[in-house]
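Chains as they are written, first to last, in my numbering: chain A, 6 to 369; chain B, 173 to 529; chain C, -12 to 533.
Here's the structure we're looking at; comments come further down.
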Amino acid sequence: MIRSVETVVNGAGPVLAIGGLVKRYSRGAVPAVAGVDLEVEAGEIMAVVGESGCGKSTLLRLIAGLETPDVGGIRIGGRVVAEGRGWVAPERRGVGMVFQDFALFPHMTVLGNIVFGLQALRRSERKGRAEEILDLVALSGYGDRYPHQLSGGQQQRVALARALASEPKLLLLDEPFSNLDTALKTSLREEIREILQRTGTTTLLVVHDAEDVMALADRAAVMRAGRIVQQGDPDTLYRKPKDEYVARFLGETNVLPARACPGGFLTVLGHVPCAAAETSAGSVRVCLRPEHLQLVAGADRGEPAVVERVHAAGMRRRVVVRLESGSSPGETLVVHAGPEPPLAPGDRVRILPRPDCAHVIGIG
Amino acid sequence: MAPLRQVVPVLIGVLAAGLVGCTADSAEQASDTDAQSSGDPGVVNVYSHRHYDTDQELFRRFTEQTGIEVNVVTASADELITRLENEGADSPADVLITVDAGRLHRAKDRGLLQPIESEVLDGSIPAHLRDRDGEWFGLTQRARIIAYHLDRVQSDELSTYEALAEPQWDDRVLIRSSSNVYNQSLLASLITHLGADVAESWAAGIVENMAREPSGGDTDQIMAVAAGAGDVAVVNTYYLARLAASEDPEEQRVAEQIGAFFPNQEDRGTHVNVSGAGVTRSSQNTENAIRLLEFLAGEEAQRLFAEANHEYPVRPGVAWSDVLTSWGEFEADELDLTRLGELNGAAVQIADRAGWR
Amino acid sequence: MEVIARRTWLPDVRSLSLGWTLAALVLVALLSIPLMVVAVGAFRPAGEAWGHIATTLLPEYLRHTAVLAAASGALALIVGGGCAWLVTMCDFPLRTFFRWALVLPLAVPAYMAAYTYAGMLSVTGPAQRLVRQVVPGAADQFFYWHVMRIEVVAVIFGMVLYPYVFLLTRALLEQRSGRVLEAARLMGRGPWAIFFRVAIPLARPALAAGLALVLMEILNDYGAVAYYGVTTFTTGIFRAWFSLGDLDTAIRLSAILMTVVLLVLGLERWQRGAARYDDSGAAQPASRYPLRGSAAAGALVFCALPLLLGFVLPVAQLSAWTVRVVRTGGVPGLLGLARNSFLLALGAAVLCVTIAVVIGYAARLDRSPLTRSAGKLALLGYSIPGAVIAVGVLVAVLAVGRLVEGGAAFLVTGTAVALVFGYVVRFMAVGLLAVESGFTRVGPNLAAASRVMGAAPLRTLFQIELPLLRRTLIAAVTLVFIDVLKELPLTLILRPFNFDTLATRAFQLASDEQLAQSAPAALLVIGTAALVVGVLHSAFEQEART
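So, in structure tokens, the structure goes:
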């Protein structure tokens, strides 16, 4: 056995620290993880997002110890678990993990699934601890059921309970909501956030849905092609994305070519007032979220456009419009509008950008 | 569902039980070997190609009379020879028994047997039925005869093996594969008497006259004659004798239609092969091995060979079975059987070249 | 950043579970020694028989082998695949019966079927007796039916070997393809179009794997072809060894055979190609076509015929002989033989599957090509005739035994160690393929979850993987059990003194041309194997229902 390299660093540092992590699956292949640096502070919920195949799941598996990195190091709770030739087996890393398909042991009861990970406790204490954690996820009384007798949401909560039972230093969630339906998802997200906060669990989750990030994460990192493009709190990522990829990943957006001018940008929507434009020069691309545009009445303001489609979603409507004039007729934009006035395809409207919302995401 | 923690010990237990069960029989024999020095009559270990019930009975009687345990592995002679060769000096075998002289010669040729001097054996077995160096001894004889259909063939049409290659027998001859040692010995005897060239053209003639591609055993050839697939078949005596002595009326009816013809009575005699035995070079129980051979060449054993398995005893003066007696005395080819062994390889190659499968 | 790719054909030492990998490599090395003996033998200067066989006989041997493989293989594909389709996709009388009964011919060794048919159709056999009794004027007639020929051998092989194709294809159609086939039906295609355009391509991996097993069995057979006088490649091996006394040439021919089988296996792997056949879909059978009238009758006959020819008729004949033998004096010592056979087969099967689990699990743990291909090496034993493996085993075991005073005699003649070792070498493929497919079906996530939850590899194996593999393991033990029960040449050569099994007893009597006397032992072999198949089946069905 290779002896694990254990460097104990006192208390305060990040719970998870990753430096220069590289992983290729085969010689000569494009690396799945191509140099990632990441830190997660104690009690923090960190989300990693990105398109499928961007390496985010590999990153998670590297942290869990299910893969060995080619280059770089990982420290969990101050202990080096992977660096150079040193490597700690997954069972000795003290992490908890919830798998995308939950990976509940089909031949064990709910209680059996939870107790399985409680080897560190005395035999007499295991059951009590398992019931306590089941209570936490609101599944008391389900201990004797088998996984296939539970609904998807219940399975999800068992998977979470199982991972939390041993009070891991770090909890890893791999696409935790991808197997659930939308209605369940929203309520479960809240529930899980509450549980994680109540237990103060440091969490790293991998998702591909911006809504999960917004609802759950304290901080997020956007990955693309094995690298982290941008990280920060979700609101900053949403409002100030570094590039179009990040912008689109965090939510629907309109991207317009623009030219910096005093007090704003010149775009197909005319002059978009923006104080931040001072720092830019020449041709750029700006991102304007749907809520950054408004439909206005009257013929004196905004660009004329024709309504193409209206998606009603309660109090908020998503309206797709086609610009009538301007430098590039035919361009469609997405605008969020309130419930009034009534709109139908073919209606003529005018689009007005809100001031100080445009954000530069690139040159040209 | 039972947790595997509980299942695995069970499996291991079963496995252990299985191995113990498999070895139980042989463990007794191993301890016998140890006991030999202390006056115990000990054991004799036999590798045998003979797998007749008669042999089991004979070994039982031998143990009864001498107290010597007989341990047996049966397999084909060639497999046993390979096993002997690989085991070398470690081989536990004391006696090798085969069903033809060719294999005994092969064993001798490879230094697996040792010369034995026994007045009992020399006195019981005619010289041409044992190795000239005393490395192996014939125990029973089988004649390779022509079985013919009594209605379709007159016995005066038959004369010699050689004649079966004549055109008049076109599409009428039944004979099994040349992989069979009895056919190899027959061919070897023809090589000795007539030379390789004649033997090869004879083989080609036989192939030409075959009523069908060789298949099945000697009994199948006899059945095929009865069924009309051919008119004559070359078979060993005891197969036909068994049918004649069968308790199954259908088999008796087959035998009733078949005549036994001993070829070459006018010249060298009918081809005869032996089933025989030798003492291995590695033998640890040489005395016991010789006693077993002497027992098998003795009156009692020879009579049982003859009665139960319709083989011709090698020991002069022992009564034949009723069926064999009814066929009468015959002139046997007294060719030195060692020659058959020496020519076995040549015979196989000739058969192959002649297209005799 | 300079990026180094670490992953090579060696396992990554950091994540290595050294104990497992070492254990697996040692086991594979041990199992490979007999195969190495064969492989090395191929490069020794050939004996004099080589030239003779190569020029005089090989062309015919190869032709016959090819004909036999093609005909029996096609038959097994048609019968096995067709029956699998009928019992999974159509509703007709006795469907549920045929669903399991069609597996039964697996219990009948090809050589026993061959002997039995020859006896059944001979002049003294029951078929002719019946004709003599029934047909007017035939009472005194003997008929010659030319039974012992290559066409009949091909049919016999097809009828006793098709269950390999049937089993695999049935499992695939039942477990994986329900939705796909239903989708095809909803697209408006008829049953024939679906059969040829969807079901056959879908079932291709199962058909191919089944065919590979059938072909290996055919290449390995000696008993049936030798008795029927059909010369095949295996005939050549034994002709070189037995008739010409040239073991080196026999080994060289075996090595060629081994290469051919390797090619067959490679071809099977290759044709699977990039397509994945993981068990990802829901395991739900498709709804069945109801068959009526002549269609139902046709299906009934199509399923009944192979069962009749491959199982019912041989068993009936053997039973008749057994009755006759028992009446005229009985069969002493059969119980002891049955005990020998049973314990030997069970012990070898459990050992074989246990080793397969160690090798398979090590490959699963370290995922390196080295360990994986080491496992593949252990598959080769299935391709070599048992008698030739026996020589390799003999050489290997004796070499080990000679290290200790008296060890050689102890291992080979004193105990069944050499014999059991031989079985494990010979049938490791059966265990290993089953275990591998089982691991694939379980998938990697449960094991990963277990590891993350703090369970080391050993605990993960015992508490997670093995319980989930239970069915696979039981099935693997059963298959090896049946194989060992039927095995002949290896047993003949490697057994200790005074040690007979049902199979060796049956064979010796049959080869002494006493077919009827051999029937009780043969019947016990087939009966035991059939019983095990039946019990296994009902156990699985019960589990599936709960």
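Ideal Cβ positions, reconstructed from N, Cα and C, are used throughout, including at glycine.
Separation of A398(B) and L108(C) (C-alpha to C-alpha, rounded to the nearest whole angstrom) is 13 Å. R279(C) and G323(C) have their alpha carbons spaced roughly 50 Å apart.
Taking CB atoms only, V520(B) has a neighbour in chain C less than 8 Å away. By the criterion of at least three beta-carbon pairs nearer than 8 Å, the stretch 241 to 256 of chain C is not in contact with the stretch 408 to 425 of chain B. Neighbours of N432(C) across chain A, judged by C-beta separation under 7 Å: F104, D106 and A108. With a cut-off of 8 Å on Cβ pairs, the stretch 23 to 30 of chain A is in contact with the stretch 76 to 84 of chain A, counting three or more such pairs.
At a cut-off of 8 Å between beta-carbon atoms, R359(C) makes no contact with chain A. Only those residues of the stretch 412 to 441 of chain C whose C-beta falls short of 7 Å from the nearest C-beta of chain B would be listed, and there are none.
Counted as a single uninterrupted DSSP element, the beta strand (DSSP E) harbouring D179(A) occupies residues L175 to D179. Going by C-alpha positions, P123(C) is about 14 Å away from F130(C).
Positions of the alpha helix (DSSP H) runs, each at least 4 residues long and wholly inside the stretch 65 to 114 of chain C, are given as 82 to 88 and 97 to 108 in order along the chain.
Nearest to A508(C) by alpha-carbon distance, out of A10(C), M99(C) and I65(C), is M99(C). Taking 7 Å as the cut-off between beta carbons, the residues of the stretch 452 to 473 of chain C near chain A are P454 and L455, in sequence order.
If only complete runs of 4 or more residues are kept, the stretch 352 to 426 of chain B shows the alpha helix (DSSP H) at 353 to 366, 368 to 381, 390 to 399 and 409 to 416, in order along the chain. DSSP places V53(A) inside the beta strand (DSSP E), whose first and last residues are I50 to V54. A Cβ-Cβ distance of about 13 Å is found for the pair Y151(C) and P293(C), leaving them out of contact under the 8 Å criterion. Residue nearest to L475(C) within the set A421(C), L364(C), A332(C) and F84(C) is A332(C) (criterion: CA-CA distance). Residue state for N432(C) is assigned as helix, using DSSP reduced to three classes.
Under a 10 Å Cβ-count criterion, H321(B) is classified as buried, with 16 or more other Cβ atoms of the shown protein chains found around its own Cβ. Chain A places a beta carbon closer than 8 Å to that of A443(C), counting this residue as a contact. By the CB criterion at 8 Å, E46(A) and V85(A) fall outside the cutoff. Spanning the alpha carbons of H221(B) and L17(C) requires a straight line of approximately 31 Å. Counting only Cβ-Cβ distances below 8 Å, G101(A) has contacts in chain C at V439 and M440, in chain order. For H316(A), DSSP records a beta bridge to R323(A). Within the stretch 67 to 85 of chain A, A69, G70, L71, E72, T73, P74, D75 and V76 place their CB atoms closer than 9 Å to a CB of chain C, listed in sequence order. For T207(A), no beta strand (DSSP E) encloses it, and the DSSP letter there is neither H nor E.
Scanning L81(C), I513(C) and A506(C) for the CA closest to the CA of V313(C) turns up A506(C). Counting the other CB atoms within 10 Å of its CB gives P454(C) a total of 16 or more, which places it among the buried residues. Taking CB atoms only, V245(B) has a neighbour in chain C less than 8 Å away. Residue pairing of V289(A) in beta bridges, as defined by DSSP: A263(A) and I368(A). DSSP, read as helix, strand or coil, puts P32(C) in coil. With 16 or more other Cβ atoms from the protein chains shown falling within 10 Å of its own Cβ, A315(B) counts as buried. Inclusion of L193(A) and L185(A) in the CB contact set at 8 Å is warranted, their separation being smaller than that value. Listed as beta-bridge partners of V93(A) by DSSP are no residues whatsoever.
In this structure, I394(B) lies away from V404(B), with their beta-carbon atoms at least 8 Å apart. Collapsing the DSSP output to three states places N118(A) in a helix.
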